[in-house]
Amino acid sequence: MIKRKENITVRPVKEAQGGKGEIYFHDWLTKDEAYGLGRVFSKLVIPPGCSIGVHQHVGEFEAFYVLEGEATVTDGAETVLLNPGDMNLCREGEFHGVENCGSRDLVLLALILYKN
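Residues 1 to 116 (UniProt numbering) make up the sequence shown, in order.
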């Protein structure tokens with residue numbers, strides 16, 4: 001299967017997980033296309049000043065990789081700055097959140113898979 005960028009669904013989400021502003025999911029795979037193994041395989045675009053609020057992953061884990069921009073990430077009790085090439089892994093039961101602290105779009109590759 002080939003998917004061209006013009007055929008990728010872009011899903012706007014307002015105040016994601018209690019965060020600020022509107023972010024955009026470019027959904028590369030659906031749950032069905034991933035054989036039910038996960039729920040997100042997407043490019044996320046987070047405009048300056050926008051965020052995904054701190055939230056917990058239950059029964060799943062998330063990994064995201066910074067492609068462009070600067071991110072302030074809450075990883076459990078720690079807050080750190082991530083740059084292109086850095087990643088965050090939020091294991092099942094843990095908490096995390098991300099905010100675009102830069103002056104241009106923050107672009108992430110995000111993957112959420114179910115624990116079992």
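Note that beta-carbon positions come from the ideal geometry of N, C-alpha and C, so glycine has one too.
**OP:** Grab the span of the beta strand (DSSP E) containing Cys101 for me, first residue to last.
**Re:** Stepping through the sequence shown from its first residue, residue 101 is reached at position 101. For Cys101, there is no enclosing beta strand (DSSP E), since its DSSP letter is neither H nor E.
Original post:
What does a CB cutoff of less than 8 Å around Lys115 pick up in its chain, not counting 5 residues either side in sequence?
Top reply: Along the sequence shown, read from residue 1 onward, the residue named residue 115 stands at position 115. Within the same chain, Gly59, Glu60, Phe61, Glu92 come within 8 Å of Lys115 by CB-CB distance, once the 5 residues on both sides are set aside.
**OP:** Ignore the nearest five residues each way along the sequence and tell me which others in Ile112's own chain have a CB closer than 6 Å to its CB.
**Re:** In the sequence shown, counting from the first residue as 1, residue 112 sits at position 112. Once the five neighbours on either side are set aside, the close Cβ partners of Ile112 are Gly38, Arg39, Val40, Glu60, Glu62.
Subject >> Given Cys101 as reference, the closest of Phe64, Asp27, Gly49, Asp32 once Cα atoms are compared >> reply: Numbered from its first residue, the sequence shown carries residue 101 at position 101. Ranking Phe64, Asp27, Gly49, Asp32 by Cα distance to Cys101 puts Gly49 first.
**OP:** Would you identify the three-state DSSP class for Lys20, choosing helix, strand or coil?
**Re:** If you number the sequence shown from 1, residue 20 lands on position 20. In the three-state reduction of the DSSP assignment, Lys20 falls in the coil class, being assigned neither a helical nor a strand state.
Original post:
According to the neighbour-count rule (16 or more other Cβ atoms, all chains shown, within 10 Å of its Cβ), is Glu99 buried or exposed?
Top reply: The sequence position of residue 99 within the sequence shown is 99, counting from 1. Taking all protein chains shown into account, Glu99 has 16 or more neighbouring C-beta atoms within 10 Å of its C-beta and is therefore buried.
Subject >> Contiguous beta strand (DSSP E) assignments of at least 3 residues, all confined to the UniProt domain "Cupin type-2" (45 to 110) >> reply: Restricting attention to beta strand (DSSP E) runs no shorter than 3 residues, the UniProt domain "Cupin type-2" (45 to 110) encloses them at 51 to 56, 60 to 68, 71 to 75, 78 to 82, 87 to 90, 95 to 100, ordered along the chain.
Subject >> Rounded distance between the beta-carbons of Asp27 and Ser42, thought under 8 Å >> reply: The sequence position of residue 42 within the sequence shown is 42, counting from 1. The sequence position of residue 27 within the sequence shown is 27, counting from 1. 5 Å between Cβ atoms; contact.
Original post:
For Arg11, which residues does DSSP report across the bridge?
Top reply: Here residue 11 refers to the residue found at position 11 when the sequence shown is read from its first residue. Arg11 pairs with Phe25.
Original post:
Would the C-beta of Gly53 count as close to the ligand COA, meaning under 6 Å from any of its heavy atoms?
Top reply: Questions concerning the ligand COA fall outside what the structure shown contains, since it holds no ligand whatsoever.
Original post:
With which residues is Leu113 paired in a DSSP beta bridge?
Top reply: The count along the sequence shown starts at 1 and reaches residue 113 at position 113. Looking at the DSSP assignment, Leu113 forms a beta bridge with Gly38, Phe61.
**OP:** Quick one: residues in its chain with C-beta nearer than 8 Å to the C-beta of Cys90, no 5 flanking neighbours on either side, listed in chain order?
**Re:** Translated into positions along the sequence shown, residue 90 becomes position 90. His57, Phe61, Glu62, Ala63, Asp75, His96.
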